[in-house]
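Colleague: Please see the structure below; I have some questions.
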Amino acid sequence: MRGAYYFFSDVHLGLESPEKEKLKESRLTEFLQSIREDAKEIFIVGDLFDCWIEYKYVVPKGYYRLFTKIFELTMSGVKINYIAGNHDFWNGNFFKDEFGIEICHTHIEREIDGKKFFIHHGDGFAHNDTGYRILKKILRNKLSQRLYSMIHPTIGIRLAKGTSETSRKHTSVKDYSEKDGLKDRAFEMLESGFNYVIMGHRHKPKMLEHANGYYINLGDWIDHFSFGVYKEGKFELKTYNDTNKL
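Quick note on this note's numbering: the sequence shown kicks off at 36 and runs consecutively.
Quick look at the structure:
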């Protein structure tokens, strides 16, 4: 019986060498297969790809095995939610047309078993991330996207990969200590009445108790291969690897 809710983020497919990315894609595909009979819903909490940009008739090549598995999951009745992250620059209709997945560009609020969930990738959410919030509005602006679509896809995707690298460097120099602004915002949301605040973006898996709930950062699939699962009233942060499968 399907009853589990799964969460993962920051896979960044396309980040490293083709050999490493094939292994990463295979591991992710195996993970999705392993939860197929158990998952009621899956939340992809941003940055599935290191750079994703769609043109009207062109999308980045590759990822056939992953897309096939996503299609199988949706056809079997698993609902998949996709929250855009800071590396999901421009999502068109590809995921909706091919898999029936709507892209959320803000956050998702959901009540499960009487518990209130707030799910956000985390980019631009901290109070001290004003600069990025301005950049995000520019990148997601319809006029900006229309102008960019006039650039040949080969050049446009190459430029987007450069922007992706800049975004990664910006994120890497942020303060992830006890003064982490993202954690502070998460605690504010918990104090406002949410029971679970779930984010990615930081690439560091953690689960912190505060007020009447928990702040969970999902980590990544670059170094940690971590994910969250909520089942039977309990949330757990786990790791998937080749020797300790579900």
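Even glycine gets a Cβ: it sits at the ideal position worked out from N, Cα and C.
Cα separation between residue 260 and residue 215?
Modeller: Roughly 22 Å separates the two Cα atoms.
Colleague: Contact defined as beta carbons within less than 8 Å: I believe residue 266 pairs with residue 38. What is the distance between those atoms, to the nearest angstrom?
Modeller: Confirmed, Cβ separation roughly 6 Å.
Colleague: Considering only the beta carbon of each residue, do residue 46 and residue 59 sit closer than 8 Å?
Modeller: Yes; because the gap between Cβ atoms is below 8 Å, this pair is in contact.
Colleague: Checking contacts by CB at 8 Å: is residue 131 closer than that to chain D?
Modeller: Looking for chain D here will not work: only one protein chain is present.
Colleague: Check residue 274 in the structure and name its three-state DSSP category.
Modeller: Correct three-state label for residue 274: strand.
Colleague: Please classify residue 70: does DSSP put it in a helix, a strand, or coil?
Modeller: Coil, per DSSP.
Colleague: I need the straight-line Cα distance from residue 97 to residue 232, nearest angstrom please.
Modeller: So the two alpha carbons sit approximately 33 Å from each other.
Colleague: Here's a check: name, in chain order, each residue in its chain whose Cβ is nearer than 7 Å to the Cβ of residue 249, leaving out the five neighbours to either side.
Modeller: For residue 249, where only same-chain residues beyond five positions count, the Cβ hits under 7 Å are 231, 242, 243, 270.
Colleague: Can you tell which of 76, 67, 71, 85 has the C-alpha that lies nearest to the C-alpha of residue 52?
Modeller: Ranking the options by Cα distance to residue 52, first place goes to 85.
Colleague: Roughly how many whole angstroms lie between the Cα atoms of residue 83 and residue 134?
Modeller: Rounded to the nearest angstrom, the two C-alpha atoms are 15 Å apart.
Colleague: So, for residue 219: in the same chain, excluding its five sequence neighbours on each side, which residues have a beta-carbon less than 8 Å away from its beta-carbon?
Modeller: Hits under 8 Å: 161, 162.
Colleague: Exposed or buried, residue 44, counting other C-beta atoms within 10 Å across all chains shown (16 or more means buried)?
Modeller: Buried, since its Cβ has 16 or more Cβ neighbours within 10 Å.
Colleague: Residue range of the beta strand (DSSP E) that residue 263 falls in?
Modeller: Where residue 263 is concerned, the enclosing beta strand (DSSP E) stretches over 261-266.
Colleague: To which residues does DSSP link residue 269 through a beta bridge?
Modeller: Bridge partners of residue 269: 266.
Colleague: Can you tell me which of the three DSSP states residue 147 falls into?
Modeller: Note: residue 147 maps to strand in three-state DSSP.
Colleague: Ordered along the chain, which non-local residues of its own chain (more than five positions away) have a Cβ less than 7 Å from that of residue 224?
Modeller: The residues are 153, 232.
Colleague: Skipping 5 residues on each side, what residues in its chain have a beta carbon closer than 6 Å to that of residue 145?
Modeller: These residues qualify, in order along the chain: 152.
Colleague: Rounded to whole angstroms, what is the Cα-Cα separation between residue 254 and residue 262?
Modeller: Answer to the nearest angstrom: the Cα atoms are 7 Å apart.
Colleague: I need the boundaries of the beta strand (DSSP E) containing residue 98, first residue and last residue.
Modeller: Run containing residue 98: none; DSSP gives neither H nor E here.
Colleague: Could you pull the start and end residues of the alpha helix (DSSP H) that residue 226 belongs to?
Modeller: 216-226 is the extent of the alpha helix (DSSP H) around residue 226.
Colleague: Which same chain residues end up closer than 8 Å to residue 258 when comparing Cβ atoms and leaving out the 5 residues on each side of it in sequence?
Modeller: Excluding sequence neighbours, residue 258 sits near 238.
Colleague: Mind listing, in chain order, the continuous alpha helix (DSSP H) runs of no fewer than 4 residues lying wholly within the segment 102-139?
Modeller: Here the runs fully enclosed are 129-134.
Colleague: Here's the rule: buried if 16 or more other CB atoms are within 10 angstroms of the residue's CB, otherwise exposed. What is residue 91?
Modeller: Flag for residue 91 reads exposed.
Colleague: Using 8 Å for Cβ pairs, my map puts residue 117 next to residue 88. What's the rounded Cβ distance?
Modeller: Not quite, the Cβ-Cβ distance comes to about 15 Å (not below 8 Å), so this is no contact.
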